[in-house]
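Here it is in C-alpha coordinates:
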(Lines of atoms letter the chains of each structure in order from A; the text may use other names.)
(Lines give C-alpha, C1' and ligand atoms only; values in the text may rest on other atoms or scores of the structure.)
Protein backbone atom coordinates (compact mmCIF):
# COMPACT_ATOMS: atom_id res chain seq x y z
CA UNK A 12 0.00 0.00 0.00
CA UNK A 13 1.51 3.37 -0.98
CA UNK A 14 1.99 5.23 2.29
CA UNK A 15 0.91 8.58 0.85
CA UNK A 16 -2.67 7.38 0.29
CA UNK A 17 -3.35 7.42 4.03
CA UNK A 18 -3.40 11.22 4.05
CA UNK A 19 -4.47 11.80 0.44
CA UNK A 20 -7.29 14.14 -0.53
CA UNK A 21 -7.84 14.07 -4.29
CA UNK A 22 -9.01 16.83 -6.60
CA UNK A 23 -10.63 15.60 -9.81
CA UNK A 24 -9.93 17.73 -12.88
CA UNK A 25 -11.91 17.51 -16.10
CA UNK A 26 -9.09 18.95 -18.22
CA UNK A 27 -11.14 20.55 -20.99
CA UNK A 28 -13.08 22.59 -18.41
CA UNK A 29 -10.54 23.60 -15.77
CA UNK A 30 -8.37 26.45 -17.12
CA UNK A 31 -7.68 27.61 -20.66
CA UNK A 32 -4.19 29.08 -21.01
CA UNK A 33 -4.14 29.81 -24.77
CA UNK A 34 -7.57 31.39 -25.45
CA UNK A 35 -8.89 28.57 -27.64
CA UNK A 36 -11.82 27.95 -25.28
CA UNK A 37 -10.61 24.52 -24.08
CA UNK A 38 -8.83 23.84 -20.82
CA UNK A 39 -5.29 22.50 -21.10
CA UNK A 40 -2.31 21.15 -19.19
CA UNK A 41 -0.60 24.50 -18.85
CA UNK A 42 -3.84 25.83 -17.36
CA UNK A 43 -3.72 23.07 -14.74
CA UNK A 44 -0.10 23.94 -13.95
CA UNK A 45 -1.12 27.58 -13.56
CA UNK A 46 -3.63 26.58 -10.86
CA UNK A 47 -1.53 24.07 -8.90
CA UNK A 48 -0.91 26.61 -6.14
CA UNK A 49 -4.67 27.05 -5.76
CA UNK A 50 -5.11 23.29 -5.40
CA UNK A 51 -2.29 23.07 -2.87
CA UNK A 52 -3.69 26.00 -0.87
CA UNK A 53 -7.11 24.32 -0.81
CA UNK A 54 -5.40 21.37 0.85
CA UNK A 55 -5.65 18.72 -1.88
CA UNK A 56 -2.41 16.78 -2.19
CA UNK A 57 -3.35 14.54 -5.12
CA UNK A 58 -4.98 14.94 -8.54
CA UNK A 59 -7.04 12.69 -10.76
CA UNK A 60 -7.07 14.00 -14.31
CA UNK A 61 -9.74 12.67 -16.68
CA UNK A 62 -8.39 11.32 -20.00
CA UNK A 63 -6.01 13.71 -21.71
CA UNK A 64 -4.84 11.28 -24.41
CA UNK A 65 -5.19 11.76 -28.15
CA UNK A 66 -8.80 11.10 -29.12
CA UNK A 67 -11.54 11.94 -31.65
CA UNK A 68 -13.53 13.01 -28.56
CA UNK A 69 -16.76 11.23 -29.37
CA UNK A 70 -16.92 10.31 -25.67
CA UNK A 71 -14.98 13.25 -24.23
CA UNK A 72 -11.67 11.39 -24.36
CA UNK A 73 -12.84 7.99 -23.12
CA UNK A 74 -12.41 6.91 -26.73
CA UNK A 75 -8.61 6.75 -26.84
CA UNK A 76 -6.82 6.93 -30.18
CA UNK A 77 -3.28 6.88 -28.76
CA UNK A 78 -2.60 5.97 -25.12
CA UNK A 79 0.93 7.37 -25.23
CA UNK A 80 0.20 10.76 -26.74
CA UNK A 81 -1.39 13.82 -25.13
CA UNK A 82 -4.27 15.24 -27.18
CA UNK A 83 -2.98 18.33 -29.01
CA UNK A 84 -5.84 20.43 -27.66
CA UNK A 85 -4.37 19.93 -24.17
CA UNK A 86 -0.74 20.42 -25.13
CA UNK A 87 2.15 18.00 -25.57
CA UNK A 88 3.64 15.04 -23.75
CA UNK A 89 6.35 17.38 -22.51
CA UNK A 90 3.67 19.61 -20.96
CA UNK A 91 2.29 16.62 -19.07
CA UNK A 92 5.76 15.59 -17.89
CA UNK A 93 6.21 19.15 -16.64
CA UNK A 94 2.88 18.93 -14.83
CA UNK A 95 4.10 15.82 -13.01
CA UNK A 96 7.24 17.67 -11.92
CA UNK A 97 5.48 20.90 -10.91
CA UNK A 98 2.91 18.94 -8.93
CA UNK A 99 5.58 16.90 -7.17
CA UNK A 100 7.43 20.11 -6.27
CA UNK A 101 4.29 21.10 -4.35
CA UNK A 102 3.80 17.70 -2.71
CA UNK A 103 0.94 16.76 -5.04
CA UNK A 104 0.58 13.30 -6.60
CA UNK A 105 -1.00 12.84 -10.04
CA UNK A 106 -3.19 9.97 -11.23
CA UNK A 107 -4.07 9.64 -14.90
CA UNK A 108 -7.26 8.02 -16.14
CA UNK A 109 -6.68 4.54 -17.57
CA UNK A 110 -9.22 3.21 -20.08
CA UNK A 111 -8.43 -0.52 -20.37
CA UNK A 112 -11.66 -1.96 -21.76
CA UNK A 113 -11.92 -0.30 -25.16
CA UNK A 114 -10.27 2.14 -27.53
CA UNK A 115 -11.47 4.54 -30.17
CA UNK A 116 -12.45 3.02 -33.50
CA UNK A 117 -9.64 5.22 -34.86
CA UNK A 118 -6.92 3.56 -32.75
CA UNK A 119 -4.14 2.02 -34.91
CA UNK A 120 -4.81 -1.35 -33.28
CA UNK A 121 -8.38 -1.31 -34.50
CA UNK A 122 -7.49 -0.03 -37.97
CA UNK A 123 -5.36 -3.17 -38.32
CA UNK A 124 -7.82 -5.45 -36.58
CA UNK A 125 -10.65 -4.66 -38.98
CA UNK A 126 -8.62 -5.63 -42.05
CA UNK A 127 -9.57 -8.82 -43.87
CA UNK A 128 -6.01 -10.17 -43.85
CA UNK A 129 -4.83 -11.83 -40.64
CA UNK A 130 -2.31 -9.76 -38.67
CA UNK A 131 -0.96 -9.36 -35.14
CA UNK A 132 -3.96 -7.23 -34.10
CA UNK A 133 -6.69 -9.40 -35.61
CA UNK A 134 -7.68 -10.66 -32.17
CA UNK A 135 -6.86 -7.52 -30.13
CA UNK A 136 -10.64 -6.88 -30.15
CA UNK A 137 -13.64 -9.19 -29.85
CA UNK A 138 -14.85 -10.30 -33.28
CA UNK A 139 -17.33 -12.93 -34.38
CA UNK A 140 -16.47 -15.19 -37.31
CA UNK A 141 -19.04 -13.75 -39.69
CA UNK A 142 -20.63 -10.40 -40.53
CA UNK A 143 -24.08 -11.93 -39.97
CA UNK A 144 -23.10 -13.50 -36.65
CA UNK A 145 -24.10 -11.19 -33.82
CA UNK A 146 -23.11 -11.28 -30.16
CA UNK A 147 -26.07 -12.25 -28.01
CA UNK A 148 -26.63 -9.95 -25.05
CA UNK A 149 -23.92 -7.50 -26.10
CA UNK A 150 -23.90 -4.46 -28.41
CA UNK A 151 -22.02 -4.94 -31.63
CA UNK A 152 -21.35 -3.41 -35.06
CA UNK A 153 -21.39 -5.25 -38.37
CA UNK A 154 -21.06 -4.27 -42.01
CA UNK A 155 -18.56 -1.43 -41.68
CA UNK A 156 -15.29 -3.28 -42.23
CA UNK A 157 -13.62 -5.43 -44.87
CA UNK A 158 -13.28 -8.15 -42.26
CA UNK A 159 -16.04 -10.75 -42.31
CA UNK A 160 -17.18 -10.37 -38.73
CA UNK A 161 -19.02 -8.27 -36.16
CA UNK A 162 -17.16 -6.52 -33.37
CA UNK A 163 -18.32 -5.96 -29.80
CA UNK A 164 -18.81 -2.54 -28.27
CA UNK A 165 -18.29 -1.62 -24.64
CA UNK A 166 -20.27 1.59 -24.67
CA UNK A 167 -20.81 3.91 -27.64
CA UNK A 168 -20.52 2.89 -31.30
CA UNK A 169 -17.03 4.45 -31.37
CA UNK A 170 -15.65 2.17 -28.60
CA UNK A 171 -14.78 -1.38 -29.74
CA UNK A 172 -14.13 -3.76 -26.85
CA UNK A 173 -10.59 -4.98 -26.30
CA UNK A 174 -10.19 -8.73 -26.04
CA UNK A 175 -9.28 -10.04 -22.59
CA UNK A 176 -11.10 -13.29 -23.29
CA UNK A 177 -14.28 -15.02 -22.24
CA UNK A 178 -14.70 -16.77 -18.93
CA UNK A 179 -16.39 -19.76 -20.57
CA UNK A 180 -15.99 -19.71 -24.35
CA UNK A 181 -18.97 -21.27 -26.11
CA UNK A 182 -18.46 -20.11 -29.69
CA UNK A 183 -15.51 -20.82 -32.00
CA UNK A 184 -14.63 -17.12 -32.17
CA UNK A 185 -14.56 -16.65 -28.40
CA UNK A 186 -11.07 -16.77 -26.92
CA UNK A 187 -10.29 -18.08 -23.46
CA UNK A 188 -8.64 -15.77 -20.94
CA UNK A 189 -5.28 -17.52 -21.38
CA UNK A 190 -5.33 -17.49 -25.17
CA UNK A 191 -2.13 -15.88 -26.54
CA UNK A 192 -4.16 -13.06 -28.12
CA UNK A 193 -5.76 -12.20 -24.77
CA UNK A 194 -2.43 -12.40 -22.98
CA UNK A 195 -1.06 -9.97 -25.59
CA UNK A 196 -3.83 -7.50 -24.69
CA UNK A 197 -2.81 -7.70 -21.03
CA UNK A 198 0.81 -7.04 -21.92
CA UNK A 199 -0.19 -4.07 -24.05
CA UNK A 200 -2.06 -2.64 -21.05
CA UNK A 201 0.99 -3.09 -18.82
CA UNK A 202 3.14 -1.40 -21.44
CA UNK A 203 0.87 1.67 -21.40
CA UNK A 204 1.02 1.83 -17.62
CA UNK A 205 4.79 1.53 -17.57
CA UNK A 206 5.10 4.29 -20.15
CA UNK A 207 3.41 6.86 -17.91
CA UNK A 208 4.76 5.58 -14.59
CA UNK A 209 8.29 5.84 -15.96
CA UNK A 210 7.65 9.49 -16.81
CA UNK A 211 6.38 10.60 -13.41
CA UNK A 212 2.74 9.57 -13.18
CA UNK A 213 1.82 8.36 -9.66
CA UNK A 214 -0.79 5.82 -10.67
CA UNK A 215 -4.15 5.44 -12.32
CA UNK A 216 -7.86 5.72 -11.81
CA UNK A 217 -9.18 2.81 -13.88
CA UNK A 218 -12.32 3.24 -15.97
CA UNK A 219 -14.84 0.37 -15.91
CA UNK A 220 -12.27 -1.77 -14.10
CA UNK A 221 -14.61 -4.74 -13.65
CA UNK A 222 -15.50 -5.14 -17.33
CA UNK A 223 -12.43 -6.78 -18.89
CA UNK A 224 -13.31 -10.47 -19.21
CA UNK A 225 -16.67 -11.07 -20.87
CA UNK A 226 -19.41 -13.06 -19.15
CA UNK A 227 -17.27 -13.45 -16.07
CA UNK A 228 -18.92 -15.04 -13.03
CA UNK A 229 -20.62 -12.94 -10.34
CA UNK A 230 -17.34 -12.70 -8.46
CA UNK A 231 -15.53 -11.38 -11.55
CA UNK A 232 -12.89 -13.97 -10.76
CA UNK A 233 -11.11 -13.85 -14.13
CA UNK A 234 -11.03 -10.06 -14.24
CA UNK A 235 -9.79 -10.11 -10.64
CA UNK A 236 -6.88 -12.35 -11.65
CA UNK A 237 -5.81 -9.89 -14.36
CA UNK A 238 -5.69 -7.00 -11.89
CA UNK A 239 -3.88 -9.13 -9.32
CA UNK A 240 -1.24 -9.80 -11.96
CA UNK A 241 -0.95 -6.08 -12.67
CA UNK A 242 -0.77 -5.27 -8.94
CA UNK A 243 2.09 -7.75 -8.64
CA UNK A 244 3.95 -5.86 -11.38
CA UNK A 245 3.32 -2.55 -9.64
CA UNK A 246 4.39 -3.80 -6.22
CA UNK A 247 7.64 -5.04 -7.72
CA UNK A 248 8.50 -2.08 -9.94
CA UNK A 249 6.35 0.87 -8.78
CA UNK A 250 5.53 0.25 -5.10
CA UNK A 251 4.46 3.86 -4.45
CA UNK A 252 2.08 4.02 -7.42
CA UNK A 253 -1.66 3.85 -6.68
CA UNK A 254 -4.55 2.09 -8.40
CA UNK A 255 -8.10 3.37 -7.87
CA UNK A 256 -10.99 1.50 -9.46
CA UNK A 257 -14.31 2.47 -10.93
CA UNK A 258 -15.93 -0.72 -9.67
CA UNK A 259 -18.18 0.21 -6.74
CA UNK A 260 -17.72 -3.20 -5.22
CA UNK A 261 -14.81 -3.03 -2.79
CA UNK A 262 -15.11 -6.69 -1.81
CA UNK A 263 -14.08 -7.52 -5.37
CA UNK A 264 -11.98 -4.51 -6.32
CA UNK A 265 -9.72 -4.44 -3.26
CA UNK A 266 -9.22 -8.21 -3.39
CA UNK A 267 -8.23 -7.70 -7.01
CA UNK A 268 -5.36 -5.48 -5.94
CA UNK A 269 -6.79 -1.98 -6.18
CA UNK A 270 -5.74 0.30 -3.36
CA UNK A 271 -9.08 2.13 -3.34
CA UNK A 272 -12.50 1.70 -4.93
CA UNK A 273 -15.01 4.45 -5.66
CA UNK A 274 -18.32 4.52 -3.82
CA UNK A 275 -20.31 5.57 -6.87
CA UNK A 276 -23.74 7.15 -7.17
CA UNK A 277 -25.92 4.28 -8.35
CA UNK A 278 -29.69 4.66 -8.16
CA UNK A 279 -30.99 3.53 -4.81
CA UNK A 280 -27.64 2.53 -3.29
CA UNK A 281 -26.20 3.75 0.00
CA UNK A 282 -24.33 6.71 -1.49
CA UNK A 283 -27.40 7.74 -3.49
CA UNK A 284 -29.49 7.80 -0.32
CA UNK A 285 -27.21 10.49 1.11
CA UNK A 286 -27.52 13.27 -1.47
CA UNK A 287 -29.44 12.13 -4.59
CA UNK A 288 -32.41 10.12 -3.40
CA UNK A 289 -34.69 12.19 -5.66
CA UNK A 290 -33.52 10.12 -8.63
CA UNK A 291 -35.58 7.07 -7.66
CA UNK A 292 -38.89 8.85 -7.06
CA UNK A 293 -40.63 12.17 -6.93
CA UNK A 294 -39.84 12.98 -3.29
CA UNK A 295 -36.33 13.88 -2.18
CA UNK A 296 -35.51 11.78 0.87
CA UNK A 297 -31.76 12.31 0.77
CA UNK A 298 -30.22 12.18 4.24
CA UNK A 299 -28.60 15.60 3.84
CA UNK A 300 -31.73 17.26 2.48
CA UNK A 301 -33.03 19.45 5.29
CA UNK A 302 -36.66 18.63 6.07
CA UNK A 303 -36.68 15.45 4.03
CA UNK A 304 -37.24 11.94 5.30
CA UNK A 305 -33.67 10.83 5.13
CA UNK A 306 -32.57 7.68 6.92
CA UNK A 307 -28.91 7.04 7.72
CA UNK A 308 -29.73 3.37 8.26
CA UNK A 309 -30.25 2.97 4.52
CA UNK A 310 -26.69 4.08 3.94
CA UNK A 311 -25.25 2.03 6.80
CA UNK A 312 -27.01 -1.15 5.71
CA UNK A 313 -24.90 -1.18 2.58
CA UNK A 314 -21.76 0.60 3.75
CA UNK A 315 -20.99 -1.13 7.06
CA UNK A 316 -20.72 -4.72 5.72
CA UNK A 317 -18.50 -3.50 2.90
CA UNK A 318 -16.31 -1.48 5.23
CA UNK A 319 -15.89 -4.35 7.70
CA UNK A 320 -15.12 -6.83 4.91
CA UNK A 321 -12.45 -4.67 3.27
CA UNK A 322 -10.87 -2.34 5.82
CA UNK A 323 -7.73 -4.47 5.98
CA UNK A 324 -7.42 -4.63 2.18
CA UNK A 325 -7.68 -1.01 1.07
CA UNK A 326 -9.93 2.03 0.99
CA UNK A 327 -13.43 3.01 -0.06
CA UNK A 328 -13.42 6.41 -1.76
CA UNK A 329 -16.25 8.87 -1.17
CA UNK A 330 -16.77 11.51 -3.85
CA UNK A 331 -18.43 14.92 -3.67
CA UNK A 332 -19.42 14.32 -7.31
CA UNK A 333 -17.69 13.31 -10.54
CA UNK A 334 -17.90 13.88 -14.28
CA UNK A 335 -20.69 11.27 -14.59
CA UNK A 336 -23.00 12.53 -11.82
CA UNK A 337 -25.19 15.62 -11.47
CA UNK A 338 -23.56 18.16 -9.19
CA UNK A 339 -25.00 18.01 -5.69
CA UNK A 340 -25.80 21.73 -5.89
CA UNK A 341 -28.62 20.70 -8.25
CA UNK A 342 -30.78 20.00 -5.20
CA UNK A 343 -28.79 20.96 -2.11
CA UNK A 344 -28.10 24.42 -0.68
CA UNK A 345 -24.63 25.50 0.38
CA UNK A 346 -25.60 24.86 4.00
CA UNK A 347 -26.69 21.33 3.17
CA UNK A 348 -23.50 20.82 1.16
CA UNK A 349 -21.36 21.91 4.10
CA UNK A 350 -22.80 19.07 6.17
CA UNK A 351 -22.52 16.52 3.36
CA UNK A 352 -18.91 17.42 2.63
CA UNK A 353 -18.08 17.43 6.35
CA UNK A 354 -19.34 13.85 6.40
CA UNK A 355 -17.41 12.79 3.30
CA UNK A 356 -14.13 14.29 4.55
CA UNK A 357 -14.40 12.66 7.98
CA UNK A 358 -15.21 9.12 6.85
CA UNK A 359 -12.63 6.35 6.34
CA UNK A 360 -10.98 5.94 2.96
CA UNK A 361 -9.57 8.33 0.40
CA UNK A 362 -11.93 11.21 -0.51
CA UNK A 363 -12.24 12.87 -3.93
CA UNK A 364 -13.34 16.48 -4.45
CA UNK A 365 -14.71 17.28 -7.91
CA UNK A 366 -13.46 20.56 -9.36
CA UNK A 367 -15.80 23.43 -8.52
CA UNK A 368 -17.68 21.57 -5.80
CA UNK A 369 -15.71 23.57 -3.24
CA UNK A 370 -17.50 26.73 -4.41
CA UNK A 371 -20.90 25.13 -5.03
CA UNK A 372 -20.90 25.16 -8.83
CA UNK A 373 -24.32 24.39 -10.26
CA UNK A 374 -25.50 21.67 -12.59
CA UNK A 375 -26.49 23.39 -15.85
CA UNK A 376 -29.27 22.15 -18.12
CA UNK A 377 -27.44 22.41 -21.46
CA UNK A 378 -27.22 20.43 -24.72
CA UNK A 379 -24.93 17.43 -24.95
CA UNK A 380 -21.26 17.79 -25.86
CA UNK A 381 -18.89 15.00 -26.92
CA UNK A 382 -21.19 12.22 -25.75
CA UNK A 383 -21.94 13.79 -22.39
CA UNK A 384 -25.74 13.84 -22.68
CA UNK A 385 -27.22 14.31 -19.18
CA UNK A 386 -23.68 14.37 -17.76
CA UNK A 387 -22.77 17.49 -19.72
CA UNK A 388 -24.25 19.85 -17.14
CA UNK A 389 -21.64 18.76 -14.58
CA UNK A 390 -18.72 19.39 -16.95
CA UNK A 391 -18.94 23.16 -17.43
CA UNK A 392 -15.93 25.50 -17.09
CA UNK A 393 -14.44 26.22 -13.69
CA UNK A 394 -15.57 29.59 -12.34
CA UNK A 395 -12.53 31.50 -11.14
CA UNK A 396 -13.51 35.19 -10.99
CA UNK A 397 -15.87 37.87 -12.24
CA UNK A 398 -15.35 39.06 -15.79
CA UNK A 399 -14.89 37.39 -19.14
CA UNK A 400 -15.92 33.73 -19.05
CA UNK A 401 -15.68 33.81 -15.24
CA UNK A 402 -11.91 33.56 -15.52
CA UNK A 403 -11.86 30.21 -17.29
CA UNK A 404 -10.64 31.62 -20.61
CA UNK A 405 -9.63 34.95 -22.10
CA UNK A 406 -10.92 33.73 -25.46
CA UNK A 407 -14.18 34.69 -27.08
CA UNK A 408 -17.34 33.22 -25.56
CA UNK A 409 -18.17 31.61 -28.91
CA UNK A 410 -15.16 29.27 -28.74
CA UNK A 411 -15.77 27.94 -25.22
CA UNK A 412 -15.84 24.16 -24.83
CA UNK A 413 -19.07 24.57 -22.84
CA UNK A 414 -20.86 27.72 -21.65
CA UNK A 415 -20.13 29.11 -18.22
CA UNK A 416 -22.87 29.69 -15.67
CA UNK A 417 -24.58 32.89 -16.85
CA UNK A 418 -26.50 33.55 -13.61
CA UNK A 419 -25.63 36.87 -11.92
CA UNK A 420 -24.90 35.00 -8.69
CA UNK A 421 -22.79 32.27 -10.27
CA UNK A 422 -20.28 31.25 -7.57
CA UNK A 423 -16.62 32.02 -8.20
CA UNK A 424 -13.40 31.24 -6.38
CA UNK A 425 -12.69 34.95 -6.08
CA UNK A 426 -15.97 35.67 -4.28
CA UNK A 427 -15.79 32.54 -2.14
CA UNK A 428 -12.32 33.42 -0.88
CA UNK A 429 -13.58 36.82 0.29
CA UNK A 430 -16.51 35.35 2.24
CA UNK A 431 -15.30 33.70 5.44
CA UNK A 432 -18.64 31.87 5.75
CA UNK A 433 -18.52 30.39 2.26
CA UNK A 434 -18.62 26.72 1.33
CA UNK A 435 -15.05 27.11 0.06
CA UNK A 436 -13.73 28.03 3.51
CA UNK A 437 -15.62 25.16 5.13
CA UNK A 438 -14.10 22.69 2.66
CA UNK A 439 -10.62 24.15 3.15
CA UNK A 440 -10.91 23.97 6.93
CA UNK A 441 -12.18 20.38 6.80
CA UNK A 442 -9.32 19.25 4.57
CA UNK A 443 -6.77 20.98 6.81
CA UNK A 444 -8.27 19.28 9.86
CA UNK A 445 -8.11 15.90 8.15
CA UNK A 446 -4.41 16.44 7.46
CA UNK A 447 -3.74 17.51 11.07
CA UNK A 448 -5.71 14.78 12.81
CA UNK A 449 -4.42 11.33 12.01
CA UNK A 450 -7.65 9.81 13.34
CA UNK A 451 -9.59 11.42 10.49
CA UNK A 452 -7.37 9.88 7.83
CA UNK A 453 -7.96 6.89 5.60
CA UNK A 454 -7.32 3.93 7.88
CA UNK A 455 -8.28 5.19 11.34
CA UNK A 456 -10.94 3.09 13.06
CA UNK A 457 -14.63 3.81 12.38
CA UNK A 458 -17.50 2.93 14.71
CA UNK A 459 -21.17 3.88 14.75
CA UNK A 460 -22.19 5.45 18.08
CA UNK A 461 -25.79 6.45 17.39
CA UNK A 462 -27.87 5.71 14.30
CA UNK A 463 -31.61 5.17 14.44
CA UNK A 464 -34.11 4.76 11.63
CA UNK A 465 -35.43 8.15 10.46
CA UNK A 466 -33.92 9.85 13.51
CA UNK A 467 -31.19 12.42 14.02
CA UNK A 468 -28.34 12.96 14.68
CA UNK A 469 -25.91 10.44 13.27
CA UNK A 470 -22.97 10.00 15.64
CA UNK A 471 -19.80 8.06 14.85
CA UNK A 472 -16.23 7.72 16.05
CA UNK A 473 -12.95 7.95 14.19
CA UNK A 474 -10.38 6.62 16.60
CA UNK A 475 -10.70 8.83 19.69
CA UNK A 476 -12.66 11.53 17.87
CA UNK A 477 -16.43 11.81 18.01
CA UNK A 478 -18.24 13.14 14.94
CA UNK A 479 -21.94 14.03 14.78
CA UNK A 480 -24.21 15.46 12.11
CA UNK A 481 -27.79 16.72 12.29
CA UNK A 482 -29.07 17.65 8.81
CA UNK A 483 -32.64 18.13 10.04
CA UNK A 484 -34.40 21.48 10.64
CA UNK A 485 -35.02 20.56 14.30
CA UNK A 486 -32.91 20.74 17.46
CA UNK A 487 -32.13 17.21 18.65
CA UNK A 488 -30.63 15.72 21.79
CA UNK A 489 -28.97 12.35 22.23
CA UNK A 490 -26.99 10.64 24.98
CA UNK A 491 -23.60 9.63 23.63
CA UNK A 492 -20.04 9.67 24.95
CA UNK A 493 -17.83 12.32 23.41
CA UNK A 494 -14.88 14.53 24.22
CA UNK A 495 -15.15 18.11 25.39
CA UNK A 496 -12.59 19.69 23.08
CA UNK A 497 -14.43 20.86 19.98
CA UNK A 498 -12.13 20.69 16.95
CA UNK A 499 -14.67 21.80 14.38
CA UNK A 500 -18.33 22.71 14.24
CA UNK A 501 -21.10 23.99 12.00
CA UNK A 502 -24.17 25.51 13.64
CA UNK A 503 -25.12 25.38 17.30
CA UNK A 504 -23.89 22.49 19.43
CA UNK A 505 -23.71 21.95 23.20
CA UNK A 506 -22.30 19.05 25.21
CA UNK A 507 -23.28 18.53 28.84
CA UNK A 508 -22.93 15.47 31.09
CA UNK A 509 -23.00 12.94 28.30
CA UNK A 510 -25.80 14.69 26.43
CA UNK A 511 -25.31 16.17 22.99
CA UNK A 512 -27.70 18.87 21.86
CA UNK A 513 -27.46 19.86 18.23
CA UNK A 514 -29.25 22.75 16.57
CA UNK A 515 -30.79 22.55 13.13
CA UNK A 516 -28.32 21.66 10.36
CA UNK A 517 -25.30 21.24 12.59
CA UNK A 518 -22.09 19.23 12.72
CA UNK A 519 -19.22 18.81 15.13
CA UNK A 520 -16.02 16.93 15.88
CA UNK A 521 -14.75 16.55 19.43
CA UNK A 522 -11.60 15.09 20.91
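Residue numbers (the numbering used here): 12 to 522. By construction, the Cβ of each residue, glycine as well, lies at the ideal position given by its N, Cα and C atoms.
Burial state of residue i, where buried means 16 or more other Cβ atoms lie within 10 Å
i	result
residue 155	exposed
residue 270	buried
residue 499	buried
residue 99	exposed
residue 140	exposed
residue 303	buried
residue 196	buried
residue 202	exposed
residue 326	buried
residue 584	Given a span of 12 to 522 for the chain in the structure shown, any question on residue 584 remains unanswerable.
residue 307	buried
residue 127	exposed
residue 312	exposed
residue 86	buried
residue 505	exposed
residue 165	buried
residue 134	buried
residue 394	buried
residue 122	exposed
residue 175	buried
residue 247	exposed
residue 3	No statement about residue 3 is possible, as the shown extent of the chain runs from 12 to 522 and does not include it.
residue 419	exposed
Counterpart residues of residue i in DSSP-defined beta bridges
i	result
residue 481	517
residue 138	162
residue 458	472
residue 267	DSSP, once it has assigned bridges, lists no residue as partnering residue 267.
residue 512	488, 505
residue 330	363
residue 237	Looking at the DSSP assignment, residue 237 forms no beta bridge with any residue, so it has no partner.
residue 187	177
residue 254	215
residue 152	162
residue 104	57
residue 225	177
CB contact check: residue i to chain B, cutoff 8 Å
i	result
residue 433	Absent from the structure is chain B; it holds one protein chain and no more.
Cβ-Cβ separation, residue j to residue i (assumed contact under 8 Å), whole Å
i	j	result
residue 411	residue 36	4 Å
residue 60	residue 26	6 Å
residue 13	residue 251	5 Å
residue 489	residue 471	In fact, because the Cβ distance is near 12 Å, the residues do not count as touching under 8 Å.
residue 125	residue 157	7 Å
residue 445	residue 20	7 Å
residue 453	residue 316	Contact flag wrong, Cβ pair sits at about 19 Å.
residue 170	residue 74	5 Å
residue 219	residue 257	6 Å
residue 136	residue 172	6 Å
residue 366	residue 22	7 Å
residue 56	residue 104	7 Å
residue 369	residue 435	5 Å
Under the three-state DSSP convention, the category residue i falls into
i	result
residue 220	coil
residue 172	strand
residue 248	helix
residue 412	coil
residue 211	coil
residue 110	coil
residue 85	coil
residue 389	helix
residue 59	strand
residue 23	strand
residue 68	coil
residue 380	coil
residue 499	strand
residue 202	helix
residue 80	strand
residue 272	strand
residue 196	helix
residue 426	helix
residue 321	helix
residue 399	helix
Exercise for review: Assess, as a yes-or-no matter, whether the segment 197-217 is touched by the segment 102-113 under the definition of 3 or more beta carbon pairs within less than 8 Å.
Suggested key: yes
Review point. Counting Cβ pairs, one atom from each stretch, are 3 or more of them under 8 Å apart for the segment 482-496 and the segment 380-388?
Key: no
Practice item. Count the C-beta pairs between the segment 277-294 and the segment 336-346 that are closer than 8 Å, then say yes if the count reaches three, no if not. Key: yes
Check your understanding: Three or more beta-carbon pairs under 8 Å between the segment 424-438 and the segment 16-34, yes or no?
Key -> no
Practice item. Would you be able to state if there are at least three C-beta pairs under 8 Å between the segment 114-123 and the segment 65-73? Key: yes
Check your understanding: Does the count of Cβ pairs from the segment 253-267 and the segment 294-302 closer than 8 Å reach three?
Key -> no
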